[in-house]
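A quick write-up on the structure given underneath.
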Amino acid sequence: SLAMACDFVIASDRGMNGAYTSNVNKVAARLRARLEEEGVEVVRYMVGRKPISYVRFRGLPIRRSWDGFSDSPTYAHAVEIADALIEDLLTPYEEGGVDEIYGVYTRMFSMINQEVRTRRLLPLEVVEGVHAPEAGEQLPLYEFEPDPETVLDELLPLYVRSRVWFYLQQAAAAQLASQQ
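Going letter by letter, the sequence shown gives residues 504 to 683 in our numbering.
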């Protein structure tokens, strides 16, 4: 199948944080292996000097990378990364575009509990049948003004930026916790 995915990996600029970055690298490698088994080509987007050098040391390609802000990301960083991801999603496959985007980041639950997560960011999955209507109940009918495509074109960048911003903030908090 002609499919390409992007794995967008967030870890640390610095060491001295235990297994924080190596856990992220392991989960990212598992994601890649699974996608490649399915015949999907994978391109790398990396955030943080540690995962970047880990991948470069192995002579593996990186499409885009960012570093220098892993412990204090700003919304501007999230916008820059998200916009690059969206640009790749909107590019045709033949020109190197991607069909799917996965985020790999560390979710912070508490100072002692952080978990590396893999989340498919795009395409969005529509979950149907959450609520079956009772007899005589009417489902809400929506009229989109403007049409759904225009609405999605406006919302998609905001959605991706907010997810990337969330991932960056979670990763920064988990990184700081693992340095304690």
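Quick reminder that beta carbons are idealized off the backbone N, C-alpha and C, glycines included.
For clarity, every value in this text was computed on a predicted model and none was experimentally measured.
Where the alpha helix (DSSP H) containing Q682 begins and where it ends: Working through the sequence shown from its first residue, we reach residue 682 at position 179. Segment 651-682, the alpha helix (DSSP H) holding Q682.
Identified DSSP bridge partners for I615: Counting from 1 along the sequence shown, the entry for residue 615 is found at position 112. I615 pairs with nothing; no bridge assigned.
Cutoff 6 Å; reference V512; Cβ partners in own chain excluding five residues on either side: Position 9 of the sequence shown, counted from the start, is the residue given in the question as residue 512. Here the set comprises A531, M549, P554, V607.
Spatially closest choice to R552 from R517, E583, L627, R537, by CA coordinates: Numbered from its first residue, the sequence shown carries residue 552 at position 49. Of R517, E583, L627, R537, the residue nearest in Cα terms is R517.
Straight-line gap, I623 to V663 (C-alpha atoms, nearest Å): Numbered from its first residue, the sequence shown carries residue 623 at position 120. Numbered from its first residue, the sequence shown carries residue 663 at position 160. First, the amino acid is wrong: residue 623 is Arg here, not Ile. Each residue's Cα considered, the two are about 11 Å apart.
Pair within 8 Å by beta-carbon distance, A674 and A514: For the purposes of this step, residue 674 is taken as the residue at position 171 of the sequence shown. For the purposes of this step, residue 514 is taken as the residue at position 11 of the sequence shown. It is a contact, given that the beta carbons lie within the stated cut-off.
Outcome for A508 when other beta-carbon atoms lying within 10 angstroms are tallied against a minimum of 16: Along the sequence shown, read from residue 1 onward, the residue named residue 508 stands at position 5. A508 is buried by the Cβ-count criterion.
Counted within 10 angstroms of its Cβ, other Cβ atoms place P649 as buried (16 or more) or exposed: Start at 1 with the first residue of the sequence shown, and residue 649 comes out as number 146. Under this definition P649 is an exposed residue.
Collapsed DSSP secondary structure at A536 in the structure displayed: In the sequence shown, the residue the question calls residue 536 occupies position 33. Note: A536 maps to helix in three-state DSSP.
Through-space distance from T653 to K529, alpha-carbon basis: Walking along the sequence shown from the start, residue 529 turns up at place 26. Walking along the sequence shown from the start, residue 653 turns up at place 150. Whole-angstrom Cα-Cα distance: 39 Å.
Top-ranked residue by Cα proximity to S665, from L655, N520, A581, E598: One-based indexing of the sequence shown puts residue 665 at position 162. Cα-wise, what sits closest to S665 is A581.
For R566, the nearest candidate out of P576, F560, T577, D591 (CA to CA): As a first step, residue 566 must be located in the sequence shown, where it is residue number 63. The option with the nearest alpha carbon to R566 is D591.
Pair within 8 Å by beta-carbon distance, M519 and Q683: Counted from its first residue, the sequence shown places residue 519 at position 16. Counted from its first residue, the sequence shown places residue 683 at position 180. Against a cut-off of 8 Å, the Cβ pair of Q683 and M519 comes out as no contact.
Alpha-carbon spacing of V558 relative to S525, whole angstroms: Numbered from its first residue, the sequence shown carries residue 558 at position 55. Numbered from its first residue, the sequence shown carries residue 525 at position 22. Spanning the two alpha carbons is a distance of roughly 11 Å.
Nonlocal neighbours in the same chain, by C-beta distance under 6 Å from T594, ignoring five residues either side: For this step, residue 594 is matched to residue 91 along the sequence shown. Only G600 meet the Cβ criterion.
Close-in-space but distant-in-sequence residues of the same chain around L534 (CB under 7 Å, 5 per side omitted): The residue labelled residue 534 in the question sits at position 31 within the sequence shown. Around L534: D510, Y605, V607, T621.
Neighbour-count burial assignment, P626, 16 or more Cβ in a 10 Å radius: Your numbering for residue 626 matches position 123 in the sequence shown. It counts as exposed.
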